[in-house]
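In the order they appear, the protein sequences are chains A and B. Quick note: the first sequence uses the numbering used here, first residue 2, plus one each step. Quick note: the second sequence uses the numbering used here, first residue 195, plus one each step. The beta-carbon is built from N, C-alpha and C at its ideal position, and this holds for glycine as well. This one's a predicted model, so the numbers in the text were calculated from it and none came from an experiment.
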Amino acid sequence: RKEVEQDPGPFNVPEGATVAFNCTYSNSASQSFFWYRQDCRKEPKLLMSVYSSGNEDGRFTAQLNRASQYISLLIRDSKLSDSATYLCVVSGGYQKVTFGIGTKLQVIP
Amino acid sequence: EPEVTQTPSHQVTQMGQEVILRCVPISNHLYFYWYRQILGQKVEFLVSFYNNEISEKSEIFDDQFSVERPDGSNFTLKIRSTKLEDSAMYFCASSVPAGGPDTQYFGPGTRLTVL
């Protein structure tokens with residue numbers, strides 16, 4: 002089983018749609034979880050941290066299920082500018098961080 | 195807003211040559227990292243550095259690679275005797291202001307092309 006597994010997509014959705022991405026991780030001792038966004042040939046940029054209680058930032062909602070070792074990201078009211086690759090990132094602490102392959106989102110006018 | 199910077203943005207080298215990639219982490223951060231991303235593949239962890247020593251490294255980070263913090267601001271990745279398969283984007287990251295969260299902030303990357 003891969004350390005961090007994501008569906009690479011692409012997900013093609015119309016503007017205004019709601020889209021959800023999932024991610025599973027294999028190491029039950031993982032401590033920190035993040036969603037990063039990566040535009041083509043650019044650096045990953047933090048979108049949001051993910052907490053067990055779930056957290057929301059505007060149109061973005063992230064959830065963590067430790068029992069199932071599963072992380073999700075929901076994007077509501079998709080904008081053209083949301084087109085990017087969304088990276089699920091899992092950390093064991095301050096050191097090694099493991100990235101998923103990323104899920105590519107294309108928002109279509 | 196403070197940010198991680200990297201130089202050069204693009205480095206072209208001949209196979210077998212040595213390259214040094216440079217990074218200036220965010221000034222009050224304590225942990226520094228190097229990652230690489232081969233075109234079309236996922237971001238891969240190379241090494242983490244804390245308190246002037248390597249704290250963790252991946253199986254990719256073999257004797258060909260070394261890291262150094264030569265002064266109070268720069269953090270470098272040296273690749274000795276580059277191979278064709280070293281061609282990738284190399285990202286530097288830093289994290290953890292004292293007492294802060296472990297979120298990593300990435301620099302814009304150096305694209306290394308080995309010919």
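Residue i (DSSP reduced to helix, strand or coil)
{"i": "Leu215/B", "result": "strand"}
{"i": "Asp58/A", "result": "strand"}
{"i": "Leu309/B", "result": "coil"}
{"i": "Leu171/B", "result": "Outside the displayed range of chain B (195 to 309) lies residue 171/B, so it cannot be described from this structure."}
{"i": "Ser33/A", "result": "strand"}
{"i": "Ser275/B", "result": "coil"}
{"i": "Ser82/A", "result": "helix"}
Residue i versus residue j: straight-line alpha-carbon distance, rounded
{"i": "Val308/B", "j": "Ala68/A", "result": "44 Å"}
{"i": "Ile232/B", "j": "Phe285/B", "result": "11 Å"}
{"i": "Ser249/B", "j": "Glu16/A", "result": "44 Å"}
{"i": "Cys41/A", "j": "Tyr244/B", "result": "30 Å"}
{"i": "Glu247/B", "j": "Val241/B", "result": "10 Å"}
{"i": "Asp280/B", "j": "Asn28/A", "result": "28 Å"}
{"i": "Gly55/A", "j": "Thr276/B", "result": "44 Å"}
{"i": "His223/B", "j": "Ser267/B", "result": "10 Å"}
{"i": "Gln166/B", "j": "Ile214/B", "result": "A query on residue 166/B cannot be resolved here, the shown segment of chain B reaching from 195 to 309 and no further."}
{"i": "Phe269/B", "j": "Glu238/B", "result": "18 Å"}
{"i": "Arg216/B", "j": "Tyr229/B", "result": "13 Å"}
{"i": "Gly234/B", "j": "Gly10/A", "result": "13 Å"}
{"i": "Tyr71/A", "j": "Cys89/A", "result": "10 Å"}
{"i": "Ile76/A", "j": "Ser31/A", "result": "24 Å"}
Which residues, taken in chain order from the region 231-248 of chain B, show a beta carbon closer than 8 Å to some beta carbon of chain A?
Gln235, Lys236, Val237, Glu238, Phe239, Ser242, Tyr244
Please name the residues in the region 97-110 of chain A whose beta-carbon is closer than 9 Å to at least one beta-carbon of chain B, in chain order.
Lys97, Val98, Thr99, Phe100, Gly101, Ile102, Gly103
May I ask you to list, following chain order, the residues of the region 39-53 of chain A that have a beta carbon less than 9 Å from some beta carbon of chain B?
Gln39, Arg42, Lys43, Glu44, Pro45, Lys46, Leu47, Ser50
Using a Cβ-Cβ cutoff of 8 Å, what residues of the region 12-35 of chain A are near chain B? List them in chain order.
Ser33, Phe35
Are the region 66-82 of chain A and the region 199-216 of chain B in contact at 8 Å, needing three or more beta carbon pairs?
no
Chain-ordered residues of the region 70-90 of chain A with a beta carbon less than 9 Å from chain B
Leu88, Val90
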